[in-house]
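In this note's numbering, the protein residues as written are 413 to 542.
Where a beta carbon is used, it is the ideal one built from N, C-alpha and C, also for glycine.
These numbers were taken from a predicted model, which means no experiment stands behind them.
Working notes for the structure below.
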Ligand SMILES: [Zn+2]
């Protein structure tokens, strides 16, 4: 039977509960719709994350479109999907990027040096008056 499912979040949540997993693998608590979020979606696949209300266990499922589950995997995470999403968008890190960062980090001597590499503004010095 074919699933006539669009790509909106509610239908993906319903798909997860009906076809991937109804219950938490760790404690057996039933998933509710708002336990399920979309981490990343492309034309070819969707990554869905589910967090158990009871034990806070997190699972991810990679679903190939048209919606067919590949595998649900347990994953230890304390990052909500909204914070995880930007890293998926950035794509894989290259070895050149890592080596360039390592070179920069080896030169760090102060917090200001580090903040400059991180692209953050230097902390403002707070003047204390009496
Ligand atoms: Zn659980």
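Item to complete: Check each candidate in 431, 522, 531 and 525 and name the one with the smallest Cα separation from residue 554.
Response: This structure does not reach residue 554, given that the chain is present from 413 up to 542, and the question cannot be answered.
Discussion item. Can you tell me whether residue 491 is helix, strand or coil according to DSSP?
Written reply: As a position in the chain shown, residue 491 is number 79, starting the count at 1. Look at residue 491 here: in three-state DSSP terms it is coil, with no helix or strand label.
Worksheet item: Mind checking residue 511: buried by the 16 CB within 10 Å criterion, or exposed?
Response: The sequence position of residue 511 within the chain shown is 99, counting from 1. The residue in question, residue 511, is exposed, as its Cβ has fewer than 16 Cβ neighbours within 10 Å.
Worksheet item: When you compare only the Cα positions, how much space is there between residue 443 and residue 509?
Response: For the purposes of this step, residue 443 is taken as the residue at position 31 of the chain shown. For the purposes of this step, residue 509 is taken as the residue at position 97 of the chain shown. Those two C-alpha atoms are separated by around 39 Å.
Worksheet item: Alpha carbon to alpha carbon, how far is residue 514 from residue 526?
Response: Sequence index remark: in the chain shown, residue 514 carries index 102 (1-based). Sequence index remark: in the chain shown, residue 526 carries index 114 (1-based). So the two alpha carbons sit approximately 12 Å from each other.
Worksheet item: Does the pairing of the segment 442-459 with the segment 419-430 give three or more beta-carbon distances under 8 Å?
Response: They touch, by the three-pair rule.
Fill in: Whether residue 446 touches residue 471 by CB criterion (8 Å)
Stepping through the chain shown from its first residue, residue 446 is reached at position 34. Stepping through the chain shown from its first residue, residue 471 is reached at position 59. In this structure, residue 471 does not lie closer than 8 Å to residue 446 by Cβ.
Fill in: Contact test: residue 434 Cβ vs ligand 1 heavy atom, cutoff 7 Å
One-based indexing of the chain shown puts residue 434 at position 22. Flag unset: Cβ of residue 434 not near ligand 1.
Worksheet item: Do the CB positions of residue 529 and residue 521 come within less than 8 Å of each other?
Response: For this step, residue 529 is matched to residue 117 along the chain shown. For this step, residue 521 is matched to residue 109 along the chain shown. Not a contact, by the Cβ cut-off of 8 Å.
Worksheet item: Considering residue 529, what are the terminal residues of the alpha helix (DSSP H) in which it resides?
Response: In the chain shown, residue 529 corresponds to position 117, counting from 1. Where residue 529 is concerned, the enclosing alpha helix (DSSP H) starts and stops at 523-529.
Item to complete: Taking only heavy atoms of ligand 3 into account, decide whether any of them is closer than 7 Å to the Cβ of residue 447.
Response: In terms of ligand content, the structure shown lacks ligand 3 and carries ligand 1 instead.
Discussion item. Considering just the uninterrupted stretch of the alpha helix (DSSP H) at residue 518, what are its terminal residues?
Written reply: Walking along the chain shown from the start, residue 518 turns up at place 106. From DSSP, the alpha helix (DSSP H) with residue 518 extends over 507-518.
Discussion item. Tell me which residues share the same chain as residue 414 and place their Cβ nearer than 6 Å to its Cβ, disregarding the 5 neighbours each side in the sequence.
Written reply: Within the chain shown, residue 414 is the residue found at index 2, counting from 1. Any reading at residue 414 needs caution, since the residue's pLDDT is 37, under 50, leaving its predicted position unreliable; the model's value is listed next. Excluding positions up to five away in sequence, the list is empty.
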